[in-house]
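**Q** Chains H and G supply the protein sequences, listed in that same order. In this text, residue positions in the first sequence follow our numbering: the first is 67, and each later residue adds one. In this text, residue positions in the second sequence follow our numbering: the first is 67, and each later residue adds one. Could you have a look at this structure, given as structure tokens, before my questions?
Protein chains: 2
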Amino acid sequence: MTHNFSELHDATARELRDRARGGAFTGVTCGIAMGHVQANLVILPKAEAFDFLLFCQRNPKPCPLVDVTDAGNPEPKRCAPGADLRTDLPRYRVYRHGELVDEPTDIVTLWQPDWVAFLVGCSFTFENALLQAGLPLRHIELGCNVPMYRTNIACEPAGMFHGPMVVSMRPMTPAQAIRATHICSRFARAHGTPIHLGDPSAIGIRDIARPDFGDAVPIAPGEIPVFWACGVTPQAVVMQAKPAICVTHKPGHMFVTDWKDVDLE
Amino acid sequence: MTHNFSELHDATARELRDRARGGAFTGVTCGIAMGHVQANLVILPKAEAFDFLLFCQRNPKPCPLVDVTDAGNPEPKRCAPGADLRTDLPRYRVYRHGELVDEPTDIVTLWQPDWVAFLVGCSFTFENALLQAGLPLRHIELGCNVPMYRTNIACEPAGMFHGPMVVSMRPMTPAQAIRATHICSRFARAHGTPIHLGDPSAIGIRDIARPDFGDAVPIAPGEIPVFWACGVTPQAVVMQAKPAICVTHKPGHMFVTDWKDVDLE
Numbered sequence: 067m068t069h070n071f072s073e074l075h076d077a078t079a080r081e082l083r084d085r086a087r088g089g090a091f092t093g094v095t096c097g098i099a100m101g102h103v104q105a106n107l108v109i110l111p112k113a114e115a116f117d118f119l120l121f122c123q124r125n126p127k128p129c130p131l132v133d134v135t136d137a138g139n140p141e142p143k144r145c146a147p148g149a150d151l152r153t154d155l156p157r158y159r160v161y162r163h164g165e166l167v168d169e170p171t172d173i174v175t176l177w178q179p180d181w182v183a184f185l186v187g188c189s190f191t192f193e194n195a196l197l198q199a200g201l202p203l204r205h206i207e208l209g210c211n212v213p214m215y216r217t218n219i220a221c222e223p224a225g226m227f228h229g230p231m232v233v234s235m236r237p238m239t240p241a242q243a244i245r246a247t248h249i250c251s252r253f254a255r256a257h258g259t260p261i262h263l264g265d266p267s268a269i270g271i272r273d274i275a276r277p278d279f280g281d282a283v284p285i286a287p288g289e290i291p292v293f294w295a296c297g298v299t300p301q302a303v304v305m306q307a308k309p310a311i312c313v314t315h316k317p318g319h320m321f322v323t324d325w326k327d328v329d330l331e
Numbered sequence: 067m068t069h070n071f072s073e074l075h076d077a078t079a080r081e082l083r084d085r086a087r088g089g090a091f092t093g094v095t096c097g098i099a100m101g102h103v104q105a106n107l108v109i110l111p112k113a114e115a116f117d118f119l120l121f122c123q124r125n126p127k128p129c130p131l132v133d134v135t136d137a138g139n140p141e142p143k144r145c146a147p148g149a150d151l152r153t154d155l156p157r158y159r160v161y162r163h164g165e166l167v168d169e170p171t172d173i174v175t176l177w178q179p180d181w182v183a184f185l186v187g188c189s190f191t192f193e194n195a196l197l198q199a200g201l202p203l204r205h206i207e208l209g210c211n212v213p214m215y216r217t218n219i220a221c222e223p224a225g226m227f228h229g230p231m232v233v234s235m236r237p238m239t240p241a242q243a244i245r246a247t248h249i250c251s252r253f254a255r256a257h258g259t260p261i262h263l264g265d266p267s268a269i270g271i272r273d274i275a276r277p278d279f280g281d282a283v284p285i286a287p288g289e290i291p292v293f294w295a296c297g298v299t300p301q302a303v304v305m306q307a308k309p310a311i312c313v314t315h316k317p318g319h320m321f322v323t324d325w326k327d328v329d330l331e
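Set out below in structure tokens:
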């Protein structure tokens, strides 16, 4: 993912969605429409939706729900009235039986009348608050993806959905980690406070230099790794469950809501 | 409801549940097993459970979920491992097509393999915190039920479930109301902060002296009514939806979990 400090940095959520809908914007949403809540997307048929909703309810730190649509209706009425989740993301991923089969820019012809869309809160919300507080975010300084790791922390299972929590990592001094924890306590609907800091092996991470997703970042002397529950968790869990069909956003290509970050406090 | 300051005031949650299971305790749970989180119960068949779970997710202030069971399993594994929701409440209510048909002390023979049980947070949690802070609770001083009112605040609908929010009311001075708001902000899973204070008509309450549920309490000079979203809301909404079958606790006869009030912070 490259960060997009373009003309879209100050775009409204609706402008961004309109461009995505028309196919004029198919890129990553990091650094655009700043201040608007962005969300991970998971779409499942209603037959699997109860178990997935229960999974999110039982695992609110990795799966903080921002909005859930009525079955068959692609409009997220609460966080973006008038939007259409079949067209308004820059790029999608289509999984059949857990295998990635396509990365289209819309899912109009795929959409089924029993599909339910889940929008899950995203780290951009608390990262914006950390940046505003002057705290360092190494992956943004370096213009790369945040490093993410599979842990040995088991999520609470729900029906067909189970698996380990995935975490993102940001290096900080202990004093910065404490300040970040304080700030993130305001954002329970965007992963909230960290789930661990310090020794990576305590949560089953063998090699901090080799993330499972994203890019490695250096940890400076005097810094410790700080770990947050990550919105990749629900996608990893769904892939492992191998439902007949599932649609998500392509990583980094998030849904941009009308809500402002402060609305999630 | 009368308040029970008996020998059970300091009982453990398990002792209380064991007595309820054996039929030795069939009373109200207010003032017993103090410090343990108590919860409202709603049981629905899985066919209606997705819409109800979605309703709770969309309306977290009246419907803060404490635990949701796997379909067919009456054990609330997270908040009370080993407990049995078919037997461990003092008294139940059985509704068929929205009509109250029975108030049994267990539902062992009724229970079906597709039933899902929802445990919804309860005002006792924040009331305990308010009492510990020295704030007055008029209905407890008077030994009566808290007054509850239907409002004109529409809940966010989900499928078959829709209807107005029900609120509970506690009279306080403005300074006490501010302190209570601060304290309750710690308990998002037990209704959280008030939803209104002052003029009852602003939320559609015509006569504060005539509550829709519970008992009227006097408001002293210098006090204002302070309103919290109430756990009666999901029950009222389910009754209005008239599912073929629904089981709840009898009002005041709550499920007592192993969790302590501080665990909900």
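C-beta atoms are modelled at their ideal positions from N, C-alpha and C, and glycine is treated no differently. None of the values given here were measured: they were computed from a predicted structure.
With 9 Å as the C-beta to C-beta threshold (strictly closer), list the residues of the region 273-302 of chain G near chain H in chain order.
**A** If the cut-off is 9 Å between Cβ atoms, the region 273-302 of chain G has nothing near chain H.
**Q** Going along chain G in order, which residues have a C-beta closer than 9 Å to the C-beta of Leu330/H?
**A** Per Cβ cutoff of 9 Å: no residues; Leu330/H is ~13 Å from chain G at best.
**Q** Check Val303/G in the structure and name its three-state DSSP category.
**A** Helix at Val303/G.
**Q** Check whether the Cβ atoms of Pro317/H and Val298/H lie closer than 9 Å to each other.
**A** Closer than 9 Å, so yes.
**Q** Whose Cβ in chain G lies nearer than 9 Å to the Cβ of Phe253/H?
**A** Here the premise fails: no neighbours, minimum Cβ distance about 13 Å.
**Q** What do you get for Ala86/H, buried or exposed, if any count of 16 or more other CB atoms within 10 angstroms of its CB means buried?
**A** Its Cβ being crowded by 16 or more others within 10 Å, Ala86/H is buried.
**Q** Less than 8 Å between the CB atoms is what I'm expecting for Ala137/H and Asp180/H, so what's the real figure, rounded?
**A** About 6 Å separates the two Cβ atoms, so the contact holds.
**Q** If you draw a straight line from the alpha carbon of Glu222/G to that of Leu208/H, how long is it in whole angstroms?
**A** Rounded to whole angstroms, Glu222/G to Leu208/H spans 43 Å at the Cα level.
**Q** Locate the beta strand (DSSP E) running through Ala220/G, then write down its first and last residues.
**A** Segment Met214 to Ala220, the beta strand (DSSP E) holding Ala220/G.
**Q** Examine the Cβ distances between the region 83-97 of chain G and the region 147-156 of chain H and report whether three or more of them are shorter than 8 Å.
**A** The region 83-97 of chain G is not in contact with the region 147-156 of chain H.
**Q** Pairing CB atoms from the region 95-103 of chain H with CB atoms from the region 91-105 of chain G, are three or more of them under 8 Å?
**A** No, the region 95-103 of chain H is not in contact with the region 91-105 of chain G.
**Q** Work out the CA separation of Val303/G and Asn70/G for me, nearest whole Å.
**A** Because the pLDDT at Asn70/G is just 47, under 50, the model does not fix this residue reliably, and the point stays unresolved.
**Q** Taking the beta carbon of Pro284/H as the centre, do at least 16 other beta carbons fall within 10 Å, making it buried, or is it exposed?
**A** When all chains shown are included, Pro284/H counts as exposed.
**Q** Which residues in chain H have a C-beta closer than 8 Å to the C-beta of Val174/G? List them in chain order.
**A** By Cβ distance, chain H contributes nothing, its closest Cβ being about 24 Å from Val174/G, past 8 Å.
**Q** Can a CB atom of chain G be found closer than 9 Å to the CB of Asp326/H?
**A** Here the sequence assigns Lys to residue 326/H, which means Asp is not the residue at that position. No, because no Cβ of chain G sits closer than 9 Å to the Cβ of Lys326/H.
**Q** By Cβ distance below 7 Å, which residues in the same chain neighbour Met305/H in space, the five residues on each side in sequence not counted?
**A** Contacts found: Tyr161 and Gly164.
**Q** Could you name the residues of the region 214-236 of chain G whose beta carbon sits closer than 8 Å to any beta carbon of chain H, in the order they occur along the chain?
**A** Answer set for the region 214-236 of chain G: Glu222, Ala224 and Gly225.
**Q** By the criterion of Cβ-Cβ separation under 9 Å, what are the contact partners of Leu196/H in chain G?
**A** Here the premise fails: no neighbours, minimum Cβ distance about 22 Å.
**Q** Give me the chain H residues within the contact set of Phe116/G, using Cβ-Cβ distance strictly less than 8 Å, ordered along the chain.
**A** Neighbours of Phe116/G on chain H, chain order: Lys112, Ala115, Phe116 and Leu119.
**Q** If I follow the unbroken beta strand (DSSP E) through Lys308/H, where does it start and stop?
**A** Lys308/H -> no beta strand (DSSP E), and no H or E assigned at all.
**Q** Cβ closer than 9 Å: which chain G residues qualify as neighbours of Leu186/H?
**A** Checking the sequence shown, residue 186/H turns out to be Val, not Leu. None at all; the shortest Cβ gap to chain G is about 12 Å.
**Q** Does any CB atom of chain G fall closer than 9 Å to the CB of Val304/H?
**A** Not one chain G Cβ lies under 9 Å of Val304/H.
**Q** Suppose the cutoff is 6 Å on Cβ atoms and the five residues either side in sequence are ignored; what does the same chain contact list for Val167/H look like?
**A** These residues qualify, in order along the chain: Val160.
**Q** In angstroms with no decimal places, state the Cα-to-Cα distance between Ile109/G and Trp294/H.
**A** Approximately 34 Å between the Cα atoms of the pair.
**Q** Can you name the residues of chain G whose CB is closer than 7 Å to the CB of Leu131/H?
**A** Gln123, listed in chain order.
**Q** In whole angstroms, what is the alpha-carbon distance linking Phe279/G and Ala254/G?
**A** Taking the straight line joining both Cα atoms gives about 23 Å.
**Q** With 9 Å as the C-beta to C-beta threshold (strictly closer), list the residues of the region 131-156 of chain H near chain G in chain order.
**A** So the list reads Leu131, Asp133, Val134, Asp136, Ala137, Lys143 and Arg144, given in the order they occur along the chain.
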